[in-house]
Amino acid sequence: MNRIEKSWPDELLDAARMEGDPEADQLVEQVLRPDQIFSGAGRLGYNRLLDIADKLLETPELSFVESSRVRQQLNAFPQRLVDYFDPAEAPDWVDEAKLALANRVWEENTLGILSVLYAAALPYCYLMAKGIPSLYKTERLLEHRYIFQRLYETGLMLDSVMGAGGLKIIVDLGEDLDGSVAPAPRRYVWGKGFISARKVRFLHASMRFMLTRPDLFPPRGSIEDPASLSERLSHETEPWPKEELGLPVNQEDLAYTLLTFGYIIPTGLEHWGCRLSSEEKEAFLHTWKLVGHIMGIKADLLPDDCDGAERLFAAIKSRQAAASQPGKELTEALLRFLEDYLPRLPGVNEALPAVLLIDQL
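Counting in the numbering used here, the final residue of the sequence shown is number 1781, and the numbers go up one at a time with none missing.
See below:
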């Protein structure tokens, strides 16, 4: 059967700019909205839930051990919040052989992949003039005390997804009432990469909610030195310019960002002389397609192959890439991050980061 080639006309991408992630958005609203707070959750519970997600990233299997402290902490939350981090049924198209091949590419090229992440993938994200304002307002990347943590965490997500067992498929054979094995085993996706993607999805929904509903957060804390994201945004008085920018962290921006991982990283590796087979590049993209599925990106914005990825990336880039002051400042912050992390060699720290970015872009 011939595969139907996906296309991405402006009308589809225009609509994607106005779409968020209904499932995660509803969950976050029920946690953070003052009049719809889950019993036992609320803002403190929200932060605690993210802390538990970090614990699961260390040892995901603890969530299945009823006597573990992590499982007991999870059980204190409403069931819907607990279910959010449970294994999810894998889509039919997931290919375990491709996941394993992508892991091998990561193991053999870890340093190169991380270098392309910082020299190409993130700078390409900073080209998105309409997508950057939500990142600029919420990530506080320009403040020295936060930049290392945020950029370091991006590298950790790569490791969570691409490392051994990061995305694993669990097969549930099931049983019929008579004890016989069910005819159609169900597959579930799980692992550190799954938890990491779910956490990022939850954070994206939080950003959308807080940026589009500042009226629900009365001013609190210091406007000069806020202690948290919600404190910072509680001082926002202007409504989010949805007609101009689209929703914060919308479907088009999410699809583009995902492609900077699944498509741009292998492309950048090849640009630096790392030879990848077509099967390896397709496997790399396939892994990040699964991440996109876990993160709530719509199926029609998840290319099936590298040809489709190239076309979608070019389509969005031609629509959205433009110079902007936030993009410039975020790129400068990234350069400072690289300067501090490179070996202390005369001339290297100052020059090499810029050379890497210029060569890739």
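Using N, Cα and C, we set each Cβ at its ideal position, and we do this for glycine too.
Since we're looking at a predicted model, the values are computed, not measured.
Contact set for residue i: own chain, Cβ-Cβ below 7 angstroms, skip 5 residues either direction
i       : result
Leu1722 : Lys1709, Gly1712, His1713
Gln1671 : Ala1436, Glu1439, Ile1717, Lys1718, Leu1721
Leu1469 : Phe1497, Leu1501
Ser1616 : Leu1477, Met1577, Ser1580, Val1581
Residue i versus residue j - alpha carbon distance
i       : j       : result
Leu1587 : Glu1752 : 33 angstroms
Val1490 : Arg1453 : 26 angstroms
Asn1523 : Pro1668 : 32 angstroms
Tyr1546 : Phe1622 : 22 angstroms
Pro1405 : Glu1443 : Nothing about residue 1405 can be reported from this structure: the residues present for the chain run from 1421 to 1781 only.
Pro1553 : Thr1680 : 18 angstroms
Arg1618 : Glu1481 : 16 angstroms
Phe1704 : Glu1690 : 13 angstroms
Thr1479 : Val1451 : 25 angstroms
Trp1513 : Tyr1683 : 18 angstroms
Ser1427 : Ala1734 : 12 angstroms
Lys1748 : Val1536 : 19 angstroms
Gly1460 : Ala1729 : In this prediction, Gly1460 has a pLDDT of 47, which is less than 50 and means its spatial position is unreliable; what the coordinates show is noted afterwards. Taking the straight line joining both Cα atoms gives about 43 angstroms.
Leu1542 : Ile1533 : 12 angstroms
Ile1736 : Glu1658 : 27 angstroms
Glu1425 : Leu1732 : 12 angstroms
Asp1592 : Ile1472 : 26 angstroms
For residue i, three-class secondary structure by DSSP
i       : result
Tyr1544 : helix
Val1669 : coil
Ala1388 : Residue 1388 cannot be examined here, being either before or after the span of the chain that is shown, 1421 to 1781.
Ala1496 : coil
Ala1522 : helix
Arg1741 : According to the sequence displayed, residue 1741 carries Ala and not Arg. The answer is strand: DSSP assigns Ala1741 an E or B state.
Lys1426 : coil
Pro1639 : coil
Asp1720 : helix
Glu1439 : coil
Asp1471 : helix
Tyr1683 : coil
Asp1760 : helix
Contact test: residue i Cβ vs the ligand MG heavy atom, cutoff 7 angstroms
i       : result
Gly1575 : Of ligands this structure carries none, so the ligand MG is not represented either.
Limits of the unbroken alpha helix (DSSP H) element including residue i
i       : result
Tyr1504 : 1499–1504
Arg1607 : From DSSP, Arg1607 is part of no alpha helix (DSSP H) but of the beta strand (DSSP E) over 1606–1610.
Phe1704 : 1698–1714
Val1536 : 1530–1536
Leu1432 : 1430–1436
Asp1445 : 1442–1452
Glu1481 : No alpha helix (DSSP H) contains Glu1481, which DSSP labels as neither H nor E.
Own chain residues within Cβ distance below 8 angstroms of residue i, not counting five before or after
i       : result
Val1620 : Met1577, Met1715
Cys1694 : Asn1529, Gly1532
Cβ shell of residue i (< 6 angstroms), same chain only, five flanking positions each side left out
i       : result
Trp1610 : Pro1507, Lys1588, Ile1590
Lys1701 : Pro1686, Cys1726
Ala1741 : Leu1547
Leu1501 : none
Leu1674 : Ile1717
Residue i - containing beta strand (DSSP E), residue span
i       : result
Asp1592 : 1588–1592
Whole-angstrom C-beta distance between residue j and residue i, which should lie under 8 angstroms
i       : j       : result
Tyr1538 : Leu1758 : 6 angstroms
Leu1447 : Tyr1504 : 6 angstroms
Gly1583 : Lys1612 : 7 angstroms
Leu1476 : Ser1487 : About 16 angstroms separates the two Cβ atoms, so there is no contact after all.
Arg1607 : Ala1510 : 4 angstroms
Lys1550 : Gly1666 : 6 angstroms
Asp1445 : Arg1628 : 6 angstroms
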